[in-house]
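The numbers in the sequence shown follow numbering that gives the first Met the number 0, run straight up by one, and end at 419.
For each residue, glycine too, the CB sits at the ideal point set by N, CA and C.
Only a predicted model underlies this, so the values are computations on that prediction, with no experimental measurement involved.
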Amino acid sequence: MSVVVMKFGGTSVADIEHIRNVAHHVKREVEGGNRVAVVVSAMVGVTNQLVSWVREASVLHDAREYDAVVATGEQVSAGLLAIMLQSMGLQARSWQGWQIPILTSAGHGAARIRSIDGGGLRQRLEDGEVAVITGFQGIEPERQRIATLGRGGSDTSAVAMAIALKADVCDIYTDVDGVYTSDPRIVHKAHRLPKVSYEEMLEMASLGSKVLQTRSVELAMVNRMRVRVLSSFVAPDAMAPVHMDRLEDIGTIVCDEDEIVENQVVSGIAYAKDEAKVTLIKVEDKPGVAARIFGPLAEANINVDMIVQNVTADGKHTDMTFTVQVAELPRTLEALKAAKSDIGNFGVKSSADVAKVSVIGIGMRSHAGAAAMMFRALADKGINILAITTSEIKISVLIDTAYAELAVRTLHSIYGLDAD
Ligand code: ASP
Ligand code: MG
Numbered sequence: 000m001s002v003v004v005m006k007f008g009g010t011s012v013a014d015i016e017h018i019r020n021v022a023h024h025v026k027r028e029v030e031g032g033n034r035v036a037v038v039v040s041a042m043v044g045v046t047n048q049l050v051s052w053v054r055e056a057s058v059l060h061d062a063r064e065y066d067a068v069v070a071t072g073e074q075v076s077a078g079l080l081a082i083m084l085q086s087m088g089l090q091a092r093s094w095q096g097w098q099i100p101i102l103t104s105a106g107h108g109a110a111r112i113r114s115i116d117g118g119g120l121r122q123r124l125e126d127g128e129v130a131v132i133t134g135f136q137g138i139e140p141e142r143q144r145i146a147t148l149g150r151g152g153s154d155t156s157a158v159a160m161a162i163a164l165k166a167d168v169c170d171i172y173t174d175v176d177g178v179y180t181s182d183p184r185i186v187h188k189a190h191r192l193p194k195v196s197y198e199e200m201l202e203m204a205s206l207g208s209k210v211l212q213t214r215s216v217e218l219a220m221v222n223r224m225r226v227r228v229l230s231s232f233v234a235p236d237a238m239a240p241v242h243m244d245r246l247e248d249i250g251t252i253v254c255d256e257d258e259i260v261e262n263q264v265v266s267g268i269a270y271a272k273d274e275a276k277v278t279l280i281k282v283e284d285k286p287g288v289a290a291r292i293f294g295p296l297a298e299a300n301i302n303v304d305m306i307v308q309n310v311t312a313d314g315k316h317t318d319m320t321f322t323v324q325v326a327e328l329p330r331t332l333e334a335l336k337a338a339k340s341d342i343g344n345f346g347v348k349s350s351a352d353v354a355k356v357s358v359i360g361i362g363m364r365s366h367a368g369a370a371a372m373m374f375r376a377l378a379d380k381g382i383n384i385l386a387i388t389t390s391e392i393k394i395s396v397l398i399d400t401a402y403a404e405l406a407v408r409t410l411h412s413i414y415g416l417d418a419d
């Protein structure tokens, strides 16, 4: 018998029919002898609606009241699922964050979970009750106000609950059946990874493969909680109840790299088209210039991704290229303009027609040559590289958007990821 946390996202609880489907998934686990806690998101679209109502009411609004409003979506889906489970003859009860309680920081709208006492709930699970828990929310103990965890936060709620309940696995049900070697819409030969390490998953998440909220992966990694990504759209009776020896049969397990026996050098190719490139031409080449450029950007809360500084040709000036999110480009240019007197004279060029393509794999730590292979493959296709960054387990290149898909397919194939 295992303790299983099952998390269902917005598309999985989109309406009453979907909630019935979710209830059948839960019933299968209970009948299979598992102890079950369920974490739910709001029905798809609901949180967006709530957020837009808040903004419509007042552009400037109290963060605690924002949370009071946007946390309600999860209350609805949790209550409905509990009702549905009860109607199927299961013992079930809904729980809001404050009732457990899930204690959070005071950072309303993007609060962090501080602690969860899982003891009481665990006892109820042992007694055969299904706990249906609202994702995305907790309570800030100082002022006793509801706090939300930031968009996509239900994943983090689920992992945190799994840790508090000492669960055997945290199953995240979503609308895809696992984590793929690349985006299947672009790479038809992409295949599902049976296992992926926390580190790789973090890189993939930060590169836009938004299967899991990044924070949930960090939390799972620190606590060594096994997370599995699987689809709620598989018929509930076509799946077997969770059995710890057969976790690999379905979905993707996100786990410690030690658990992955056969390491591919590269396990995934990711791409992001929402990058923009900014080049500062002829900035002064002397100490303090980088700080004067990137300081104001940091103050404006603009996330800078890749940075390339060229060697100086005349010993006095250099070119500096960096990337930001496309949506941040106007603010970036403004912040640079405002800092011009500090930075000194320079010219600016910017372009939004760039994409970042990355190869990711923990195997790169122990295998040389992965980068050379990438650059050779791109050169063979006549694709020009505008910037490069690397980490221990990732190589990213910036290229023209027009070549993004060709690059992704080419790399997928040369690293041996194509399914036959
Ligand atoms: N409902 C919240 C949102 O849309 C939390 C979640 O779904 O994870 O951001
Ligand atoms: Mg989500």
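Within this structure, are the beta carbons of residue i and residue j separated by less than 8 Å?
i, j, result
"Ala204", "Phe135", "no"
"Asn33", "Ser1", "yes"
"Gly368", "Glu199", "no"
"Ala354", "Ala271", "yes"
"Gln221", "Val253", "Here the sequence assigns Val to residue 221, which means Gln is not the residue at that position. Going by C-beta atoms, Val221 is not nearer than 8 Å to Val253."
"Ala299", "Val325", "no"
"Leu124", "Ala36", "yes"
"Ser231", "Thr173", "yes"
"Val265", "Gly108", "no"
"Ile398", "Leu416", "no"
"Ile249", "Leu218", "no"
"Asp304", "Glu274", "yes"
"Ser349", "Leu377", "no"
"Leu120", "Ala22", "no"
"Ser153", "Val38", "yes"
"Leu335", "Val347", "yes"
"Arg214", "Thr155", "yes"
"Asp257", "Lys6", "no"
I believe residue i touches residue j by the beta-carbon criterion, under 8 Å. Please report the beta-carbon distance rounded to the nearest angstrom.
i, j, result
"Lys281", "Phe345", "6 Å"
"Ala130", "Ile138", "Not a contact, Cβ separation roughly 17 Å."
"Met42", "Val12", "5 Å"
"Thr331", "Leu296", "6 Å"
"Thr251", "Gly177", "4 Å"
"Gly8", "Ser40", "5 Å"
"Gly117", "Leu164", "4 Å"
"Val356", "Ala403", "6 Å"
"Thr180", "His17", "Actually they do not touch by this definition, with Cβ atoms about 28 Å apart."
"Val68", "Leu89", "About 31 Å separates the two Cβ atoms, so there is no contact after all."
Should residue i be listed as close to the ligand ASP, given that the test is whether its C-beta is under 7 Å from any heavy atom?
i, result
"Gly78", "no"
"Arg503", "Residue 503 lies beyond the range of the chain shown here (0 to 419); nothing can be said about it."
"Asp154", "yes"
"Phe135", "yes"
"Ala41", "yes"
"Thr46", "yes"
"Glu217", "no"
"Gly108", "no"
"Arg150", "yes"
"Gly96", "no"
"Gly8", "yes"
"Glu73", "yes"
Taking the beta carbon of residue i as the centre, do at least 16 other beta carbons fall within 10 Å, making it buried, or is it exposed?
i, result
"Lys285", "exposed"
"Ala337", "exposed"
"Val310", "exposed"
"Asp167", "buried"
"Ser86", "exposed"
"Glu243", "Residue 243 is actually Met in this sequence, not Glu. Exposed is the call here."
"Lys422", "For the chain, the structure presents residues 0 to 419; residue 422 sits outside this window and is missing."
"Gln143", "exposed"
"Arg408", "buried"
"Asn383", "exposed"
"Val210", "buried"
"Val260", "exposed"
"Arg223", "exposed"
"Ser51", "exposed"
"Thr245", "The question names Thr, yet the displayed sequence has Arg at residue 245. So Arg245 counts as exposed."
"Asp313", "exposed"
"Gly96", "buried"
"Ile115", "buried"
"Val158", "buried"
"Lys380", "exposed"
"Arg375", "exposed"
With three or more C-beta pairs closer than 8 Å as the rule, is the stretch 56-63 touching the stretch 15-35? The stretch 15-35 and the stretch 56-63 do not touch, with fewer than 3 CB-CB distances between them shorter than 8 Å.
Segment contact flag, the stretch 284-303 with the stretch 326-342, C-beta cutoff 8 Å, min 3 pairs: Contact between the stretch 284-303 and the stretch 326-342 is present, because at least three Cβ pairs lie under 8 Å.
Could you tell me whether the stretch 178-188 touches the stretch 235-242, using the rule of 3 or more Cβ pairs below 8 Å? Not touching, per the Cβ criterion.
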